[in-house]
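Visitor:
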Amino acid sequence: MKKNTLHKVMATALVGAMAMGTLTGCGGSTDAGADASTKDTAAVSTAASTDAGTAAVAGIDGWEPFASNVTLQIPVYDRGSSGNGCSDVENNYWTKWVQENFGDKYNITVEYVGITRSDVMTDYAMLAASQSLPTICMEYDYDKLASWQADGYLQTYDVEEFKQIAPTYWETMVEHGNDAYTKLADEDYLVLGYRPYGNTTYTWCTFYRQDWLEEAGFSEYPVGDNTKLLELYAKLVENGHKYPLSGKKVSGAGIDQNYGYRDYPQDETTWATTGDYQIPSLSTEAQKRFLKWENELYNDGYYNPEYYLRDASEAEADFINGEAFTWTGYVSSTMNVLNSFYETNPDGKLAVAVTPSTWTQDETWGSSASYRPGTNFGMMIGFANDATEDEVKAAMMYLEWLNQPENLFTMQWGIEGVNFNYDDNGDPVAVADQTGLDEQQGHNNNVDYWCAVTAVKTLGSIEKDIKAITPQGIPQDFYDQILANYNGQVAIYEAGKANSDCLFATSIDAVTEYNQTLYDLYTEYRDKLTMCSKDQFDALYDELSQKYLEAGYQEVIDERQAALDAGNTTRLQ
Numbered sequence: 001m002k003k004n005t006l007h008k009v010m011a012t013a014l015v016g017a018m019a020m021g022t023l024t025g026c027g028g029s030t031d032a033g034a035d036a037s038t039k040d041t042a043a044v045s046t047a048a049s050t051d052a053g054t055a056a057v058a059g060i061d062g063w064e065p066f067a068s069n070v071t072l073q074i075p076v077y078d079r080g081s082s083g084n085g086c087s088d089v090e091n092n093y094w095t096k097w098v099q100e101n102f103g104d105k106y107n108i109t110v111e112y113v114g115i116t117r118s119d120v121m122t123d124y125a126m127l128a129a130s131q132s133l134p135t136i137c138m139e140y141d142y143d144k145l146a147s148w149q150a151d152g153y154l155q156t157y158d159v160e161e162f163k164q165i166a167p168t169y170w171e172t173m174v175e176h177g178n179d180a181y182t183k184l185a186d187e188d189y190l191v192l193g194y195r196p197y198g199n200t201t202y203t204w205c206t207f208y209r210q211d212w213l214e215e216a217g218f219s220e221y222p223v224g225d226n227t228k229l230l231e232l233y234a235k236l237v238e239n240g241h242k243y244p245l246s247g248k249k250v251s252g253a254g255i256d257q258n259y260g261y262r263d264y265p266q267d268e269t270t271w272a273t274t275g276d277y278q279i280p281s282l283s284t285e286a287q288k289r290f291l292k293w294e295n296e297l298y299n300d301g302y303y304n305p306e307y308y309l310r311d312a313s314e315a316e317a318d319f320i321n322g323e324a325f326t327w328t329g330y331v332s333s334t335m336n337v338l339n340s341f342y343e344t345n346p347d348g349k350l351a352v353a354v355t356p357s358t359w360t361q362d363e364t365w366g367s368s369a370s371y372r373p374g375t376n377f378g379m380m381i382g383f384a385n386d387a388t389e390d391e392v393k394a395a396m397m398y399l400e401w402l403n404q405p406e407n408l409f410t411m412q413w414g415i416e417g418v419n420f421n422y423d424d425n426g427d428p429v430a431v432a433d434q435t436g437l438d439e440q441q442g443h444n445n446n447v448d449y450w451c452a453v454t455a456v457k458t459l460g461s462i463e464k465d466i467k468a469i470t471p472q473g474i475p476q477d478f479y480d481q482i483l484a485n486y487n488g489q490v491a492i493y494e495a496g497k498a499n500s501d502c503l504f505a506t507s508i509d510a511v512t513e514y515n516q517t518l519y520d521l522y523t524e525y526r527d528k529l530t531m532c533s534k535d536q537f538d539a540l541y542d543e544l545s546q547k548y549l550e551a552g553y554q555e556v557i558d559e560r561q562a563a564l565d566a567g568n569t570t571r572l573q
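For the record, in the sequence shown the residue sitting at position 324 is 324 according to my numbering, with numbers rising by one throughout.
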């Protein structure tokens, strides 16, 4: 199995035990928060502050309530979709459940702080500037935490105290090799959740119209084979399906990833300097291949010509209303998109696109079934620079409490007979439609509340875990296809055709400085490149790439190159 290894033994112990990879989440960026760096950033003392813990007994058995009430602020993603879980992410049945079962017991007031999922960095920068960062600062991407540390958002913590207060959480970190990632700038800033099956992205699936596919004379969805996809799309239009790919404006974090358009094995310098998914790599050959493909699809009429004015909900509505061929999103046992689709299209037939186990590259388009894995860790957690000693202690207690099996299970599955039931094998099965329940779980079965421990809920085997997330209460069963997609991705990963991003043991200042500027430019340039005539594409790509480089991307590349040369990165092997 391919893996990233250390360029050299780094004092920061950034990376270790990378036998598995992970899918990470996404976020924007901005260079705000200077005020935050002026605050006091004292490390947490190893001694108990008020009460809530003793030196004699590690973990929950040694806790006592705080003598004075402590406020603990915890971020939770606000995904802007009331139809996919709790409409008020800061105040709902489950936030109250945490307060009643954890906060009240230890004299802690638990407050949740909504963070816009599509604009994480801007939200954190605004909170930092107003000196109101939540006690816990967390994200899925290492470089975001590195930027927060460099900008003074975070404080160090005492590892031995964390082990005393949260021994189960720490043992889980050790079990998954994530205790190697605690340091930024040679000091301990981070604790980390884990991600099962992290070398795949199996929970992120593309659903397509199987009935349309068969009508077009195809037996399977040609993942990674763009030449065959063009044949399929042409046939769909011939069969009367106008704008089969729908279309939406380019927005949000991690846009236009080009992993399926790279050459493998990858060139290490290109991988390290331009391979990060957060800043689109305009000027690279892989991005050119990707955008040329988008230009082809637009000019051939497969996208709505006004895609650049449409948001994600409009594209989703096209799929639900039977007007779009595909829809892509995270799979969970309750999926309102699928529920709505079958209500609107009772005779509709869907399938999940399955990654082939054999890797090939389209000779014409340079496309393949490659994807982006990551590392062992899931959520990365730091403590706000201005959090008091008691507040940090309360945060550590919360992580330990949430990591207890009974608490984690309840947050993930809910209440028996309400959110889930047991099947004949004794395994929990989520209730398909929780709409209208007071106990309705949030996005993806409350993932944004329990992600501090693990990125994916697990019952101990991939078969059980896929069964647990397979959509329920709909006319079709996608279990076999989701499992086949997982197995195909594992095969691609083990063949060395899916590589984790380069990780840096130092803050890349140019990323912080230019991230938002480059994001804004890219969305503008991307639409120009998509909508220009086919014969203008190559020249326009060269022109806009040069402007993009001059706007800051070259500085990002140069700084990443310097970190690679200094040995402050992982290596591609």
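We treat Cβ as the ideally placed atom computed from N, Cα and C, and that holds for glycine.
State the Cα-Cα distance for the pair M380 and A452, rounded to the nearest angstrom.
Guide: The residue given as residue 380 occupies position 380 in the sequence shown. The residue given as residue 452 occupies position 452 in the sequence shown. For M380 and A452, the distance between alpha carbons rounds to 8 Å.
Visitor: As a quick exercise: from D438, F383 and L350, pick the residue whose alpha carbon is nearest that of Y479.
Guide: By 1-based counting over the sequence shown, the position of residue 479 is 479. Taking only the C-alpha atoms, the option nearest Y479 is L350.
Visitor: Assuming T156 and Y208 make a contact with CB atoms under 8 Å, what is their CB distance in whole Å?
Guide: Here residue 156 refers to the residue found at position 156 of the sequence shown. Here residue 208 refers to the residue found at position 208 of the sequence shown. So it is not a contact: roughly 49 Å between Cβ atoms.
Visitor: How far does the beta strand (DSSP E) with M335 in it reach, from first residue to last?
Guide: Numbered from its first residue, the sequence shown carries residue 335 at position 335. Where M335 is concerned, there is no enclosing beta strand (DSSP E), given that its DSSP letter is neither H nor E.
Visitor: Residues in the same chain with beta-carbon distance under 6 Å from A315, minus the five sequence neighbours each way, listed in chain order, please.
Guide: Residue 315 sits at position 315 when you count from the first residue of the sequence shown. Closer than 6 Å at the Cβ level, and outside the excluded window around A315, lie S246 and K248.
Visitor: Name the residue from A146, V57, Q404 and W413 whose alpha carbon lies nearest to the alpha carbon of M121.
Guide: On the sequence shown, position 121 is the one that residue 121 refers to. Nearest option by C-alpha distance: A146.
Visitor: Go to I115, then tell me how far its beta strand (DSSP E) extends in each direction, as first and last residue.
Guide: The residue given as residue 115 occupies position 115 in the sequence shown. Counting along the chain, the beta strand (DSSP E) containing I115 begins and ends at I108 to T116.
Visitor: In its own chain, which residues sit with a C-beta less than 7 Å from the C-beta of L529, not counting the 5 before and 5 after it?
Guide: Along the sequence shown, one-based indexing puts residue 529 at 529. Correct list, in chain order: L291, N295, F537, L540, Y541 and L544.
Visitor: Between Y93 and chain D, is the shortest Cβ-Cβ distance under 9 Å, so that the two count as touching?
Guide: Annotation note: the requested chain D is absent from the structure, which comprises a single protein chain.
Visitor: Count the other C-beta atoms from every protein chain shown that fall within 10 angstroms of the C-beta of K288, then say buried if there are 16 or more, exposed otherwise.
Guide: Your numbering for residue 288 matches position 288 in the sequence shown. So K288 counts as buried.
Visitor: Among residues of its own chain, excluding the 5 on either side of L564, which ones have a beta-carbon nearer than 6 Å to its beta-carbon?
Guide: Taking the first residue of the sequence shown as 1, we reach residue 564 at position 564. Cβ neighbours of L564 beyond the five flanking positions: A272.
Visitor: Decide yes or no for the touch test of the region 252-269 against the region 198-213: beta carbon pairs closer than 8 Å, at least 3 of them.
Guide: No, because fewer than three Cβ pairs between the region 252-269 and the region 198-213 fall closer than 8 Å, the two stretches do not touch.
Visitor: For K547, tell me which candidate among E524, C532 and V352 has the shortest Cα-Cα distance.
Guide: Along the sequence shown, read from residue 1 onward, the residue named residue 547 stands at position 547. Taking only the C-alpha atoms, the option nearest K547 is E524.
Visitor: Taking W365 and T274 to be in contact with their CB atoms under 8 Å, please state how far apart those CB atoms are, rounded to whole angstroms.
Guide: On the sequence shown, position 365 is the one that residue 365 refers to. On the sequence shown, position 274 is the one that residue 274 refers to. With a Cβ gap of about 20 Å, W365 and T274 do not count as contacting.
Visitor: Bridge partners for P75 per DSSP, in chain order?
Guide: Locating residue 75 in the sequence shown gives position 75, counting from the first residue. P75 is bridged to V113.
Visitor: Leaving out the 5 sequence neighbours to the left and right, which residues in its chain are closer than 7 Å to T116 when beta-carbon positions are compared?
Guide: By one-based count along the sequence shown, residue 116 stands at place 116. Cβ within range, chain order: D78 and D123.
Visitor: Which residue or residues does DSSP assign as beta-bridge partners of Y208?
Guide: Residue 208 sits at position 208 when you count from the first residue of the sequence shown. Partner(s): T326 and A351.
Visitor: Run through DSSP, which three-state label would L154 get?
Guide: On the sequence shown, position 154 is the one that residue 154 refers to. Correct three-state label for L154: strand.
Visitor: On the DSSP letters alone, give me the boundaries of the beta strand (DSSP E) that L540 sits inside.
Guide: By one-based count along the sequence shown, residue 540 stands at place 540. L540 -> not in any beta strand (DSSP E); alpha helix (DSSP H) instead, spanning F537 to Y548.
Visitor: With H, G and I counted as helix, E and B as strand and the rest as coil, what does DSSP make of I557?
Guide: Here residue 557 refers to the residue found at position 557 of the sequence shown. Reduced to three states, the DSSP call for I557 is helix.
Visitor: How would you call L459, buried or exposed, if buried means at least 16 neighbouring beta carbons within 10 angstroms?
Guide: Walking along the sequence shown from the start, residue 459 turns up at place 459. Exposed.
Visitor: What are the boundary residues of the beta strand (DSSP E) that N444 is part of?
Guide: The sequence position of residue 444 within the sequence shown is 444, counting from 1. Segment H443 to W450 is the alpha helix (DSSP H) holding N444; no beta strand (DSSP E) there.
Visitor: If you compare alpha carbons, which of E161, F325 and G193 is closest to L232?
Guide: Within the sequence shown, the letter at position 232 stands for residue 232. Considering only alpha carbons, the answer is F325.
Visitor: Quick check on DSSP: helix, strand or coil for R289?
Guide: Here residue 289 corresponds to residue number 289 of the sequence shown, with the count starting at 1. Of the three classes helix, strand and coil, the one that applies to R289 here is helix, per DSSP.
Visitor: Mind the definition here: the region 456-471 touches the region 356-370 only if three or more C-beta pairs lie below 8 Å; say whether that holds.
Guide: In short, these stretches do not touch, since the Cβ pair count stays below three.
Visitor: DSSP state of R195, grouped into three classes?
Guide: To locate residue 195, count along the sequence shown from 1; it is residue 195. R195 falls in the coil class under three-state DSSP.
Visitor: Would you say H176 and Y202 are within 9 Å of each other, going by their C-beta atoms?
Guide: Taking the first residue of the sequence shown as position 1, residue 176 is located at position 176. Taking the first residue of the sequence shown as position 1, residue 202 is located at position 202. No, the Cβ-Cβ distance between H176 and Y202 is not below 9 Å.
Visitor: Would DSSP call K228 helix, strand or coil?
Guide: As a position in the sequence shown, residue 228 is number 228, starting the count at 1. If DSSP states are grouped into helix, strand and coil, K228 belongs with the helices.
Visitor: At the level of alpha carbons, what is the spacing between D151 and A125?
Guide: Locating residue 151 in the sequence shown gives position 151, where the first residue counts as 1. Locating residue 125 in the sequence shown gives position 125, where the first residue counts as 1. Each residue's Cα considered, the two are about 10 Å apart.
Visitor: When you compare only the Cα positions, how much space is there between G217 and Y93?
Guide: What you label residue 217 is simply residue 217 of the sequence shown in a count that begins at 1. What you label residue 93 is simply residue 93 of the sequence shown in a count that begins at 1. Cα to Cα, G217 sits roughly 49 Å from Y93.
Visitor: Between the alpha carbons of F409 and E389, how many angstroms are there, rounded?
Guide: Counting from 1 along the sequence shown, the entry for residue 409 is found at position 409. Counting from 1 along the sequence shown, the entry for residue 389 is found at position 389. Distance between the alpha carbons of F409 and E389: 29 Å.
Visitor: Between the alpha carbons of D558 and A510, how many angstroms are there, rounded?
Guide: Looking up residue 558 in the sequence shown gives position 558. Looking up residue 510 in the sequence shown gives position 510. Roughly 9 Å separates the two Cα atoms.
Visitor: With a Cβ-Cβ cutoff of 9 Å, do T168 and E400 count as a contact?
Guide: As a first step, residue 168 must be located in the sequence shown, where it is residue number 168. As a first step, residue 400 must be located in the sequence shown, where it is residue number 400. Contact: yes.
Visitor: Going along the chain, which residues of its own chain have a beta-carbon closer than 6 Å to the beta-carbon of Y371, five neighbours each way excluded?
Guide: As a first step, residue 371 must be located in the sequence shown, where it is residue number 371. Cβ within range, chain order: T201, Y259 and A498.
Visitor: Check for me: the beta strand (DSSP E) holding F383 runs from which residue to which?
Guide: Taking the first residue of the sequence shown as 1, we reach residue 383 at position 383. Residues F377 to A384.
Visitor: Are the beta-carbon atoms of V429 and S500 separated by less than 9 Å?
Guide: Along the sequence shown, read from residue 1 onward, the residue named residue 429 stands at position 429. Along the sequence shown, read from residue 1 onward, the residue named residue 500 stands at position 500. No, Cβ-Cβ distance for V429 and S500 is not below 9 Å.
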